[in-house]
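The structure under discussion appears below in the form of structure tokens.
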Amino acid sequence: EAIAAGVECVMTSHPVYPRLDPSGVPATFSRRIVDEYLRGEVGFRGVIVSDDLEMGAVSETCPIGEATVRAAAAGHDLLLVCHTEPAQRAAATALAEAYRSGRLPRAGLEAAAARVRALRHRRSARAEGGRPAPERDGAPLAMAMASRAVSELTPGRAAFARALNGRVLVVFPRFSELAARITIEPEVCDETGWVRAAFAPAGVTPEPRIVGIEPSATEIEEAAARAAAADATVLFLYDAHLYPSNRALLDAVQARARHLAVVLLRDPYDAALLAPGVLGITAFGWRRCQLDAVVARLTYP
6 EAIAAGVECV MTSHPVYPRL DPSGVPATFS RRIVDEYLRG EVGFRGVIVS DDLEMGAVSE
66 TCPIGEATVR AAAAGHDLLL VCHTEPAQRA AATALAEAYR SGRLPRAGLE AAAARVRALR
126 HRRSARAEGG RPAPERDGAP LAMAMASRAV SELTPGRAAF ARALNGRVLV VFPRFSELAA
186 RITIEPEVCD ETGWVRAAFA PAGVTPEPRI VGIEPSATEI EEAAARAAAA DATVLFLYDA
246 HLYPSNRALL DAVQARARHL AVVLLRDPYD AALLAPGVLG ITAFGWRRCQ LDAVVARLTY
306 P
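For our numbering, count along the sequence shown from 1 and bump the result up by 5.
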């Protein structure tokens, strides 16, 4: 539907999609997915963009230079190396050498450059320099998409919503810890302020409890103790299946909370760790629009 509507860019991701490419190659490196499927079968003629090649899913499997060459070989037009200058220089050097040696065909480079030039021509205001300006319709569109994406992974929203009439605890990660390395919206960096503002339209005045991205033992115990005293607890959970401290936070809170909703912030896999009776809900991310959409679903059942 997006391609039929004329979307100009498509970003790939780093997971493996075995139904699209049975070889087990991540989409970032899969010519079957990027070129044969997206270009050939689906017919996309716009710019194909990689996700950040400095992310752990890539950097833990191969050096940045090799990753850049493999992503270009798969058929990407734009390659993102988002964080460090040494990685960016290594990527540029590897690409230049790959085109000089013939490992990457010059025709592919020329076709990619032509697609990028065409995009710059169509969106000339975006390429003029200066401070980035948001698209006029971007925020409403993002909010609409986030609202449609909200999914309840385990039942119990109606019963939980009734518990919101009592004392409410919200356990929320200290996203400001990440702001020096990745883009975190200013509103979300003010964790306490965001929590209060997000629940206010429903007439809920929560007690915010801010914990580390990887919470300490003290933070875990304090959050669990406060959950035991609250009528309803909302736990915004950050990858408990990857981080032992977040698994400990989940286990401690769900063992003591009276009514608990767990907002899965990055992906849905933590749903398998939820105890019976715990509401699991997600918008598949933690941008402000996604967080707002989840809270709206929780408070307006």
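Glycine included, C-beta positions come from ideal geometry on N, C-alpha and C.
Check: Do you know how far the Cα of E65 is from the Cα of P139?
Finding: Indexing the sequence shown from 1 puts residue 139 at position 134. Indexing the sequence shown from 1 puts residue 65 at position 60. For P139 and E65, the distance between alpha carbons rounds to 33 Å.
Item checked: Enclosing alpha helix (DSSP H) for P213 [first to last residue] -> Locating residue 213 in the sequence shown gives position 208, counting from the first residue. It is not in any alpha helix (DSSP H) - P213 instead sits in the beta strand (DSSP E) that spans 212-216.
Item checked: beta strand (DSSP E) segment containing I286, residue limits -> In the sequence shown, residue 286 corresponds to position 281, counting from 1. Here the beta strand (DSSP E) through I286 covers 284-287.
Next item on the list: Would you give the residue range spanned by the beta strand (DSSP E) that F165 belongs to?
Entry: Within the sequence shown, numbered from 1, the residue matching residue 165 stands at position 160. Run containing F165: none in the beta strand (DSSP E); it sits in the alpha helix (DSSP H), 162-168.
Item checked: N-terminal and C-terminal residue of the beta strand (DSSP E) that P91 is part of -> Residue mapping note: residue 91 aligns to position 86 of the sequence shown, counting from 1. Careful: P91 lies outside any beta strand (DSSP E), inside the alpha helix (DSSP H) at 90-106.
Item checked: Distance CB(A215)-CB(R179) smaller than 8 Å -> Taking the first residue of the sequence shown as position 1, residue 215 is located at position 210. Taking the first residue of the sequence shown as position 1, residue 179 is located at position 174. One detail in the question is off: residue 215 reads as Ile in this sequence, not Ala. The answer is yes: Cβ separation under 8 Å.
Notebook entry, point to check: Anyone know if the C-beta pair for A103 and V74 falls short of 8 Å?
Noted result: On the sequence shown, residue 103 is found 98 positions in, with the first residue counted as 1. On the sequence shown, residue 74 is found 69 positions in, with the first residue counted as 1. Contact flag set, yes.
Notebook entry, point to check: How would you call V176, buried or exposed, if buried means at least 16 neighbouring beta carbons within 10 angstroms?
Noted result: Taking the first residue of the sequence shown as position 1, residue 176 is located at position 171. V176 comes out buried.
Check: Would D142 be called buried (16 or more neighbouring beta carbons within 10 Å of its own) or exposed?
Finding: For this step, residue 142 is matched to residue 137 along the sequence shown. Exposed, because fewer than 16 other Cβ atoms sit within 10 Å of the Cβ of D142.
Checklist line | Beta carbon of G70 nearer than 8 Å to that of T98 | finding: As a position in the sequence shown, residue 70 is number 65, starting the count at 1. As a position in the sequence shown, residue 98 is number 93, starting the count at 1. Yes, the Cβ-Cβ distance between G70 and T98 is below 8 Å.
Check: Are the beta-carbon atoms belonging to D275 and L242 less than 8 Å from one another?
Finding: Taking the first residue of the sequence shown as 1, we reach residue 275 at position 270. Taking the first residue of the sequence shown as 1, we reach residue 242 at position 237. Going by C-beta atoms, D275 is nearer than 8 Å to L242.
Margin query: Let me check understanding here. Comparing Cα to Cα, which of V283, R292, A10 lies closest to E166?
Written below: One-based indexing of the sequence shown puts residue 166 at position 161. It is Ala, not Glu, that sits at residue 166 in the sequence shown. Closest option to A166, Cα to Cα, is V283.
Item checked: Sequence-distant residues of the same chain with beta carbon closer than 7 Å to L114, five excluded per side -> Taking the first residue of the sequence shown as 1, we reach residue 114 at position 109. Contacts found: Y104.
Next item on the list: Examine the Cβ distances between the region 122-131 and the region 241-256 and report whether three or more of them are shorter than 8 Å.
Entry: no
Next item on the list: Starting from the Cα of P249, find the closest Cα among E219, S152, P23, E224 and give me that residue.
Entry: On the sequence shown, residue 249 is found 244 positions in, with the first residue counted as 1. Of E219, S152, P23, E224, the residue nearest in Cα terms is E219.
Check: Does DSSP put L43 in a helix, in a strand, or in coil?
Finding: The residue labelled residue 43 in the question sits at position 38 within the sequence shown. L43: helix per DSSP, three-state reduction.
Margin query: For V268 and G285, what's the separation of their Cα atoms in angstroms?
Written below: Numbered from 1 along the sequence shown, position 263 holds the residue referred to as residue 268. Numbered from 1 along the sequence shown, position 280 holds the residue referred to as residue 285. The alpha-carbon atoms of V268 and G285 are separated by roughly 6 Å.
Item checked: CB of R293 within 8 Å of CB of E133, strictly -> In the sequence shown, the residue the question calls residue 293 occupies position 288. In the sequence shown, the residue the question calls residue 133 occupies position 128. No, these two residues do not count as a Cβ contact at 8 Å.
Margin query: Does M148 come out as helix, strand or coil in the three-state DSSP assignment?
Written below: As a first step, residue 148 is located in the sequence shown; it is residue number 143 there, counting from the start. Helix.
Next item on the list: Grab the span of the alpha helix (DSSP H) containing V299 for me, first residue to last.
Entry: Within the sequence shown, numbered from 1, the residue matching residue 299 stands at position 294. V299 -> alpha helix (DSSP H) spans 293-304.
Checklist line | Other residues of its chain near S221: CB distance less than 8 Å, five sequence neighbours each side excluded | finding: For this step, residue 221 is matched to residue 216 along the sequence shown. Result list for S221: S250, in chain order.
Notebook entry, point to check: So, is the C-beta of P213 closer than 8 Å to a C-beta in chain C?
Noted result: Given the protein chain composition of this structure (a single chain), no chain C is represented.
Next item on the list: Would you please state the rounded distance, in angstroms, between the beta carbons of A262 and T238? I believe it to be under 8 Å.
Entry: Along the sequence shown, read from residue 1 onward, the residue named residue 262 stands at position 257. Along the sequence shown, read from residue 1 onward, the residue named residue 238 stands at position 233. The Cβ separation is near 4 Å, so the contact holds.
Item checked: Contact check, V300 vs A149, beta carbons under 8 Å -> Within the sequence shown, numbered from 1, the residue matching residue 300 stands at position 295. Within the sequence shown, numbered from 1, the residue matching residue 149 stands at position 144. Cβ distance not < 8 Å, so V300 and A149 don't count as in contact.
Next item on the list: Note down the Cα distance separating D40 from A79, rounded to an integer number of angstroms.
Entry: For the purposes of this step, residue 40 is identified with residue 35 of the sequence shown, where counting begins at 1. For the purposes of this step, residue 79 is identified with residue 74 of the sequence shown, where counting begins at 1. D40 and A79: Cα-Cα distance of roughly 6 Å.
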